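For the record, the sequence lines run as chains B and F.
Going by this note's numbering, the first residue of the first sequence is number 23, and it counts up by one from there.
Going by this note's numbering, the first residue of the second sequence is number 23, and it counts up by one from there.
For glycine and all other residues, C-beta sits at the position ideal for the given N, C-alpha and C.
Since the structure is predicted, the reported quantities are computational estimates derived from the model, not experimental observations.
Number of protein chains: 2
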Amino acid sequence: MLKVDPTLIKDLKAFSGLEMAELELMLGEAQSSYFAKGDAFFREGERATRFFVLLDGYLQVVRTTENGEQVIMRHFAPGEVFGIAPALQRETYPANAIAVADCVALHWPNKCWEDFASRVPRFLKNAHGAVGERLNASQDRIIEMATEQVERRVARAVVRLVNQAGKKTEHGIRIDIPVSRQDIAEMTGTTLHTVSRIFSAWASLGLVEVGRQKIEVLSAHKLVTIAEGH
Amino acid sequence: MLKVDPTLIKDLKAFSGLEMAELELMLGEAQSSYFAKGDAFFREGERATRFFVLLDGYLQVVRTTENGEQVIMRHFAPGEVFGIAPALQRETYPANAIAVADCVALHWPNKCWEDFASRVPRFLKNAHGAVGERLNASQDRIIEMATEQVERRVARAVVRLVNQAGKKTEHGIRIDIPVSRQDIAEMTGTTLHTVSRIFSAWASLGLVEVGRQKIEVLSAHKLVTIAEGH
DNA sequence: CGAGAAATTGAAAAGATTCAACTCTCGTGG
DNA sequence: CCACGAGAGTTGAATCTTTTCAATTTCTCG
């Protein structure tokens with residue numbers, strides 16, 4: 023349980039447009055927790071009791087099929103709300119939320135949701151906006167899976183990772199979280215073998231530099247060309 | 023513009039749990055319109071000005087890719103809200119909504135949304151619940167596309183159609199809207215040829231009876247077996 | 001009855017997966 | 001400090017699924 027100052031969080035997406043007084047009200051009810059890499063914020067099917075805002079770190083939302091395959095649904099960066107079952111009238115969490123880097127998150131018991139509905143309406147609006155974006159992103163991904171072949175899907179996944187977790191380096195942009203071939207496969211609906219082959223091909227074109235759980239993009243432009251197919 | 027009686031709509035999903043007075047209030051602000059088969063309720067990217075509840079008929083939500091391919095995102099049956107951009111802080115409609123049978127829908131200008139927030143809160147809750155279900159359905163479909171092969175995806179699509187538009191017949195269940203091989207292909211991310219081959223195979227197993235834009239399921243049980251893989 | 005849309009089907013080709021063997025990297029513990 | 005073992009990655013070959021191309025056929029509506 024850490025102390026959090028309103029000025030530190032006022033620019034986060036989840037809190038955008040909130041008054042200082044509203045932030046303080048929300049912080050007054052909040053708990054903040056540390057989650058080590060690999061920890062679960064919550065698990066699929068678990069009774070939803072709280073909702074979260076990620077302050078620092080990085081997390082994955084993952085669903086598992088009956089036969090044990092994993093599908094990475096999306097990633098969250100600092101500033102995003104997640105686990106907002108009450109916004110959707112849900113009783114349970116729909117997926118596993120796993121820290122892929124050490125994380126700090128604020129969270130509130132669900133009863134605060136109704137509270138904030140009247141006292142911090144802007145927060146709810148932001149959250150509903152986030153839901154809309156996610157629904158849209160899901161649909162984009164369905165279209166992608168339905169119409170694009172694997173190399174392009176992989177390129178898009180890498181572009182998204184670069185946008186969400188890219189750090190400039192000497193020669194390009196490095197993805198600042200450990201991502202394995204298997205992870206990319208679970209993000210794109212393919213196998214780690216196919217991802218490995220694609221990466222090898224890209225590397226020999228000088229497009230990326232890859233290593234153990236490491237991806238560095240040397241030519242973002244060419245990668246986008248593959249992703250978007252111009 | 024048709025007159026609509028509150029008792030006719032009180033059992034629809036979108037209005038579940040509403041008081042008679044609330045229904046009357048909503049109907050007072052509503053307009054009802056007829057949409058012929060093939061008409062668009064709204065189009066992708068269009069400025070969102072109103073939200074809808076389908077009273078009768080059947081509609082498809084379709085998105086088109088840059089290179090002209092269509093993907094059928096979902097179908098709506100009577101009783102469902104759609105085009106609820108204000109619930110998601112959206113300015114535009116995210117997709118095309120096309121009547122696949124003659125339809126009647128209620129609709130309201132967006133400004134009513136804020137109104138209903140305070141005066142018919144239950145309606146908003148229902149709508150948010152619907153959004154949650156749709157987000158979930160989208161994610162299920164992503165998983166399906168990522169992990170299942172075509173035959174199973176087609177089987178699932180047919181099962182969904184049966185659930186949403188199935189009519190009992192002498193020997194089985196007929197899908198009560200015209201659905202072409204191409205339509206199934208756009209629902210499952212494959213080609214009409216592959217769908218045709220799958221249907222032919224199923225037909226020769228006595229599982230379905232298919233024809234021009236016609237699907238009749240003779241053994242729902244076996245179809246579910248293919249869909250779920252038990 | 002004719003025209004056009006919808007559907008079927010074979011054959012070839014492409015794309016991706018599966019299987020299997022092997023290599024590399026990194027952290028740990030002797 | 002080095003060796004070793006496990007996890008991560010690579011790559012060839014065979015195989016499988018699905019698509020693509022092309023030629024026909026069937027159906028339905030006007």
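For this session: Indicate the three-state DSSP secondary structure (helix, strand or coil) for F/His-129 in the structure shown.
Result: Assignment of F/His-129 by DSSP, reduced to helix, strand and coil, places it in the strand class.
Exercise. Out of B/Ala-43, B/Met-167, B/Lys-189, B/Gly-105, which has the shortest C-alpha to C-alpha gap to B/Gly-67?
Worked result: B/Gly-105
Problem set entry | B/Thr-114 (DSSP reduced to helix, strand or coil) | Three-state result, B/Thr-114: strand.
Exercise. Would the segment 122 to 138 of chain F and the segment 125 to 135 of chain B be scored as touching if the rule is three or more Cβ pairs under 8 Å?
Worked result: no
Problem set entry | the segment 46 to 54 of chain F / the segment 213 to 230 of chain B touching (three or more Cβ pairs under 8 Å) | no
Problem set entry | Nearest-angstrom Cβ-Cβ length linking B/Ala-119 and B/Leu-81, presumed shorter than 8 Å | 6 Å
Problem set entry | Span of the alpha helix (DSSP H) around B/Ile-220 | 214 to 226
For this session: Just confirm the distance between the C-beta atoms of F/Thr-169 and B/Val-93, as a whole number of angstroms; I'd bet it's less than 8 Å.
Result: 7 Å
Exercise. From F/Val-142, F/Thr-87, F/Val-84, pick the residue whose C-alpha is nearest to that of F/Gly-39; which is it?
Worked result: F/Val-142
For this session: Output yes if chain F places a C-beta closer than 9 Å to the C-beta of B/Ile-248; else output no.
Result: no
Exercise. Closest by CA to F/Ser-54, which one among F/Arg-65, F/Gly-60, F/Phe-74?
Worked result: Answer by Cα proximity: F/Phe-74.
Problem set entry | Pairwise C-alpha distance: F/Leu-77 and F/Leu-34 | 8 Å
Exercise. Where does B/Val-122 fall in DSSP's three states?
Worked result: B/Val-122: coil per DSSP, three-state reduction.
Exercise. Would you call F/Gln-235 buried or exposed, if buried means 16 or more other Cβ atoms sit within 10 Å of its Cβ?
Worked result: exposed
Problem set entry | Neighbouring residues, chain B, relative to F/Gly-151 (Cβ below 7 Å) | Residues of chain B with a Cβ closer than 7 Å to the Cβ of F/Gly-151 are, in chain order, Leu-110, Gln-111.
Exercise. What does a CB cutoff of less than 7 Å around B/Ala-139 pick up in its chain, not counting 5 residues either side in sequence?
Worked result: Excluding sequence positions up to five before and after B/Ala-139, its CB lies within less than 7 Å of the CB of Leu-146, all in the same chain and listed in chain order.
Exercise. The beta strand (DSSP E) with F/Asp-78 in it runs from where to where?
Worked result: 72 to 78
Problem set entry | Buried or exposed by the 16-neighbour rule on C-beta atoms within 10 Å, applied to B/Gly-154 | It counts as buried.
Exercise. Would the beta-carbon of F/Ala-121 fall within 9 Å of that of F/Lys-59?
Worked result: yes
For this session: For F/Ile-120, go through chain B and note every residue whose CB falls closer than 9 Å to its CB, in chain order.
Result: Residues of chain B whose Cβ lies closer than 9 Å to the Cβ of F/Ile-120 do not exist, since the nearest Cβ in that chain is about 16 Å away.
Exercise. Cβ of B/Pro-131 less than 9 Å from any chain F Cβ?
Worked result: no
Problem set entry | Span of the beta strand (DSSP E) around F/Phe-57 | 53 to 57
Problem set entry | CB of F/Trp-135 within 9 Å of CB of F/Ala-177, strictly | no
Problem set entry | Chain-order list of residues whose beta-carbon lies under 7 Å from that of B/Leu-240 (same chain, five-residue window excluded) | His-193, Gly-194, Gly-228, Leu-229, Val-230, Glu-231
Problem set entry | chain F residues whose Cβ lies nearer than 7 Å to that of B/Lys-25 | Result: empty, since nearest Cβ-Cβ is about 32 Å, beyond 7 Å.
Exercise. According to DSSP, is F/Lys-35 helix, strand or coil?
Worked result: helix
Problem set entry | Under the three-state DSSP convention, the category B/Arg-96 falls into | strand
Exercise. Residues of chain B with CB under 7 Å from F/Ser-160, in chain order?
Worked result: Within 7 Å Cβ-Cβ: Leu-157, Ser-160, Gln-161, Ile-164.
For this session: Kindly indicate which three-state DSSP category F/Gln-186 falls into: helix, strand or coil?
Result: helix
For this session: Express the C-alpha separation of F/Val-184 and F/Ala-242 in angstroms, rounding to a whole number.
Result: 9 Å
Problem set entry | Unbroken alpha helix (DSSP H) run spanning B/Ile-165, endpoints | For B/Ile-165, the enclosing alpha helix (DSSP H) covers residues 143 to 169.
Problem set entry | Residue interval of the alpha helix (DSSP H) (run including B/Arg-234) | First-last for B/Arg-234: undefined, no H or E at that position.
Exercise. Between B/Arg-178 and chain F, is there a C-beta pair that is closer than 9 Å?
Worked result: No, B/Arg-178 lies away from the interface with chain F (no Cβ there is under 9 Å from its Cβ).
For this session: Could you round the C-beta distance between B/Arg-112 and B/Ala-70 to whole angstroms and report it? I think they count as a contact, below 8 Å.
Result: 6 Å
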